[in-house]
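In what follows, a structure is listed as structure tokens, so that the remarks can point back to it.
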Amino acid sequence: MNNRLKVLRAERNWSQADLAAALGVSRQTVNALETGRYDPSLPLAFKIARVFEQPIESIFSDSGA
Amino acid sequence: MKDNPVARYGGLLLVCLIAGGIAGGISAAFGETAGVGPLIVAGSVGLAMAAGLWVCARWWRALDEAAQEAHKWAWWWGSTFGLAIGGVILFTLMYAAPERLTGEPKDLLLAGAALIGGVQTVGYGIAWAFWWLQRR
Chain A
1 MNNRLKVLRA ERNWSQADLA AALGVSRQTV NALETGRYDP SLPLAFKIAR
51 VFEQPIESIF SDSGA
Chain B
66 MKDNPVARYG GLLLVCLIAG GIAGGISAAF GETAGVGPLI VAGSVGLAMA
116 AGLWVCARWW RALDEAAQEA HKWAWWWGST FGLAIGGVIL FTLMYAAPER
166 LTGEPKDLLL AGAALIGGVQ TVGYGIAWAF WWLQRR
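So the sequence lines, in the order shown, correspond to chains A and B.
Sequence positions in the first sequence follow this note's numbering and run 1 to 65.
Sequence positions in the second sequence follow this note's numbering and run 66 to 201.
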């Protein structure tokens, strides 16, 4: 699965630690999400969408599609 | 104290130490009475395990989902590989080098459990580190 987390975070000038605090996860988890090597659960994906005020489908896309 | 994890777990450690002291005292006073010794051991170890599980449950709930996933993956793969490797070592010792196993049955039992547990723990640690290194 691909995502635009890094871009969205950079647009807001947030550090990984800032995003981690907003999501209630560790900085290592944010890094794993941004590199696309860890796919979030649905609850976390919805939380990410709420934090960035964007629909989930504009943040995540299926790499197989 | 409620918001300070060091104080909280220090308090738990103190409670366990006091419980251990009480169990030791009861054991010294009544341990020779037939049938009481195993009950004291079962009660003390059960209490220690319950306290450990309580700490683990609190720690687990504090982890985020990726950290939990890393531990679940490490538990399955690392511990399973560790169990398999430990099993090979144990059976090799039992059948290829029985002359090395000269201790009391109780000591041999504990040594076997420690061997398997130790190798599983090493496997767990390696698998946990591997999971995170893959996702850097």
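For each residue, glycine too, the CB sits at the ideal point set by N, CA and C.
The structure displayed is predicted, hence computed values, not measured ones.
Length of the line joining the Cα atoms of residue i and residue j
i, j, result
"B/GLY89", "B/LYS171", "21 angstroms"
"A/PRO55", "B/ALA131", "22 angstroms"
"B/GLY85", "B/ALA127", "28 angstroms"
"A/LYS47", "B/GLY111", "40 angstroms"
"A/SER63", "A/ARG4", "12 angstroms"
"A/PHE52", "B/LEU158", "59 angstroms"
"B/ASP129", "B/VAL187", "23 angstroms"
"B/ILE181", "A/SER61", "44 angstroms"
"B/GLU169", "B/ALA178", "14 angstroms"
"B/ALA192", "B/ALA116", "27 angstroms"
Neighbour-count burial assignment, residue i, 16 or more Cβ in a 10 Å radius
i, result
"B/ARG165", "exposed"
"B/ILE83", "exposed"
"B/PRO163", "exposed"
"A/VAL30", "buried"
"A/SER15", "exposed"
"B/SER144", "buried"
Own chain, CB closer than 6 angstroms to residue i, minus 5 neighbours either side, in chain order
i, result
"B/LEU148", "GLN185"
"A/ALA17", "ARG27"
Beta-carbon contacts of residue i that lie in its chain and below 8 angstroms, excluding the five residues immediately before and after
i, result
"A/ALA32", "TYR38"
"B/ILE105", "ALA88, ILE91, SER92, PHE95 and GLY96"
"A/MET1", "GLY36, ASP39, PHE60, SER61, ASP62 and SER63"
"B/GLN133", "TRP125"
Residues that DSSP places opposite residue i in a beta bridge
i, result
"B/PHE195", "B/PHE195 pairs with nothing; no bridge assigned."
Same chain, Cβ closer than 7 angstroms to residue i, five either side skipped, listed in chain order
i, result
"B/TRP197", "ALA135"
Go through the segment 117-191 of chain B residue by residue and report every complete run of the alpha helix (DSSP H) that reaches 4 residues or more, in order. Entirely contained in the segment 117-191 of chain B, the alpha helix (DSSP H) runs reaching 4 residues are, in chain order, 130-138 and 144-161.
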